[in-house]
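Down below is the structure, laid out as structure tokens.
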């Protein structure tokens, strides 16, 4: 690795915001949530409309 990498590497000492104390980005979904489940069939138009509506709500 280059010197720049090592100089910018944050310490993992238990301080707030260090890699070992990182927190999720508050996506609002977790493992097993219906929004993350895969399906065999193609995505329907209605599912896409619902997804885009959720994105608009979260971005505002």
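Numbering (the numbering used here), first residue to last: 21 to 80. Yeah, the Cβ is synthetic: ideal placement off N, Cα and C, and Gly gets one too.
Neighbourhood of residue i by C-beta, 6 angstroms cutoff - its chain only, sequence neighbours within 5 removed
i, result
"residue 63", "none"
Boundaries of the alpha helix (DSSP H) in which residue i is found, first to last residue
i, result
"residue 27", "23-28"
Other residues of its chain near residue i: CB distance less than 7 angstroms, five sequence neighbours each side excluded
i, result
"residue 55", "49"
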